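Trainee: Attaching a single structure in structure tokens format; questions to follow.
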């Protein structure tokens, strides 16, 4: 007679399965005590502390691309700083960065498709954001790209690109000046190309072909900033930004 709805007809019962499991587990413990296996045997004998009193140190070495003036109060890596999204970070909850403890949040307010580049406006928030951004403390938006210039240090001219999430990626050029046409070295894990154009303006091209144009700047004076002027795709469809005399900016038709 084959097996039907009642498992007992096949000689099986849930209780016998559990008994078999626990009997095998007990055998493993007994063998560990007899053979002197350190972990399991120590736990059973009561000599193994379940509380880690000696945490394993985790090192986040400061990358040589990061200028010394950039704060390092939190663990940094070679690709981004605390603000902004980073693919190698772990997130959970709202989400919260599990390495730094900061709350990171984004909202998309406007998305208009077009024949060329879509018009997308997103807000991004980081709880430890130290600066009063265009939308308040800790807030930035998808058009708030800029170049931060850190001057010459350690034999390199150093520049940081802050994207629309607030993340900053670093580039450097050997020497103390930035001739027109210079292409900067990108930090490890950064696949964008930063270049000073012939007219003194700056361009940053991402791996997907998206190109950002920034204001003209010599690039050697620490503390200067170049604002975003244009966004172009690989077909040269362009979004152009203009700025008023206040702190806001306007995207023209």
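In UniProt numbering, the protein residues as written are 1 to 253.
Cβ atoms here follow ideal geometry from the backbone N, Cα and C, with glycine treated the same way.
Everything numeric in this text was worked out from a predicted model, so none of it was measured.
1) Taking the alpha-carbon positions, what's the residue 55 to residue 242 distance?
2) If residue 180 sits next to residue 200, beta carbons under 8 Å apart, how far is it from one beta carbon to the other, in whole angstroms?
3) Candidates 108, 163, 126 and 138: which alpha carbon is nearest residue 119's?
4) Determine contact between the stretch 207 to 219 and the stretch 145 to 156, defined as no fewer than three beta-carbon pairs at a distance below 8 Å.
5) Can you give the Cα-Cα distance for residue 162 and residue 204, rounded to whole angstroms?
6) For residue 206, which residues from the same chain have a beta carbon less than 6 Å from its beta carbon, with the 5 sequence-adjacent residues on both sides left out?
7) DSSP state of residue 23, grouped into three classes?
8) What residues match up with residue 179 in a beta bridge as DSSP calls it?
9) Restricting to Cα atoms, I'd like to know which of 66, 147, 104 and 138 is closest to residue 202.
10) If you draw a straight line from the C-alpha of residue 169 to the C-alpha of residue 96, how long is it?
11) If I measure Cβ to Cβ from residue 160 and keep anything under 6 Å in the same chain, skipping five residues before and after, which residues do I get?
12) Taking Cβ to Cβ, would you say residue 140 is nearer than 8 Å to residue 106?
13) If you follow the beta strand (DSSP E) that residue 117 is part of, which residue opens it and which one closes it?
14) Between which two residues does the beta strand (DSSP E) holding residue 226 run?
15) How should residue 175 be labelled, buried or exposed, when 16 other C-beta atoms within 10 angstroms of its C-beta is the threshold for buried?
16) Alpha carbon to alpha carbon, what distance is there between residue 225 and residue 134?
17) Have a look at residue 123 and residue 23 and give me their C-alpha separation to the nearest angstrom.
18) Classify residue 138: buried if its beta carbon has 16 or more other beta carbons within 10 angstroms, exposed otherwise.
19) Among 196, 236, 126 and 172, which one has its Cα closest to the Cα of residue 102?
20) Which of the three DSSP states, helix, strand or coil, is assigned to residue 154?
Mentor: Answer, in terms of the structure:
1) Here residue 55 is taken as the residue at index 55 of the chain shown, counted from 1. Here residue 242 is taken as the residue at index 242 of the chain shown, counted from 1. Annotation note: pLDDT 46 at residue 55 (below 50); position unreliable, coordinate value reported separately. In a straight line, the C-alpha of residue 55 is about 52 Å away from that of residue 242.
2) As a working note, residue 180 is residue 180 in the chain shown. As a working note, residue 200 is residue 200 in the chain shown. 7 Å between Cβ atoms; contact.
3) Taking the chain shown and counting its residues from 1, one reaches residue 119 at position 119. Closest by alpha carbon: 108.
4) Touching, yes.
5) Working through the chain shown from its first residue, we reach residue 162 at position 162. Working through the chain shown from its first residue, we reach residue 204 at position 204. One alpha carbon belongs to residue 162, the other to residue 204, and they sit about 11 Å apart.
6) For the purposes of this step, residue 206 is identified with residue 206 of the chain shown, where counting begins at 1. Cβ within range, chain order: 192.
7) Taking the first residue of the chain shown as 1, we reach residue 23 at position 23. Note: residue 23 maps to helix in three-state DSSP.
8) Locating residue 179 in the chain shown gives position 179, where the first residue counts as 1. Looking at the DSSP assignment, residue 179 forms no beta bridge with any residue, so it has no partner.
9) Here the question's residue 202 lines up with position 202 in the chain shown. The residue with the shortest Cα to Cα distance from residue 202 is 147.
10) Reading the chain shown from its first residue, position 169 is the one you call residue 169. Reading the chain shown from its first residue, position 96 is the one you call residue 96. Answer to the nearest angstrom: the Cα atoms are 21 Å apart.
11) On the chain shown, position 160 is the one that residue 160 refers to. Result list for residue 160: 148, 168 and 170, in chain order.
12) In the chain shown, residue 140 corresponds to position 140, counting from 1. In the chain shown, residue 106 corresponds to position 106, counting from 1. Not closer than 8 Å, so no.
13) Along the chain shown, read from residue 1 onward, the residue named residue 117 stands at position 117. If you look at residue 117, you'll find it isn't in any beta strand (DSSP E); DSSP assigns it neither H nor E.
14) Position 226 of the chain shown, counted from the start, is the residue given in the question as residue 226. Following the DSSP letters along the chain, one finds residue 226 inside the beta strand (DSSP E) bounded by residues 225 to 232.
15) Position 175 of the chain shown, counted from the first residue, corresponds to residue 175. Its Cβ having fewer than 16 others within 10 Å, residue 175 is exposed.
16) For this step, residue 134 is matched to residue 134 along the chain shown. For this step, residue 225 is matched to residue 225 along the chain shown. Residue 134 and residue 225 have their C-alpha atoms some 15 Å from each other.
17) As a first step, residue 123 is located in the chain shown; it is residue number 123 there, counting from the start. As a first step, residue 23 is located in the chain shown; it is residue number 23 there, counting from the start. Those two C-alpha atoms are separated by around 58 Å.
18) Here the question's residue 138 lines up with position 138 in the chain shown. Around the beta carbon of residue 138, 16 or more other beta carbons sit within 10 angstroms, so the residue counts as buried.
19) Start at 1 with the first residue of the chain shown, and residue 102 comes out as number 102. Comparing Cα positions, the closest option is 126.
20) One-based indexing of the chain shown puts residue 154 at position 154. Correct three-state label for residue 154: coil.
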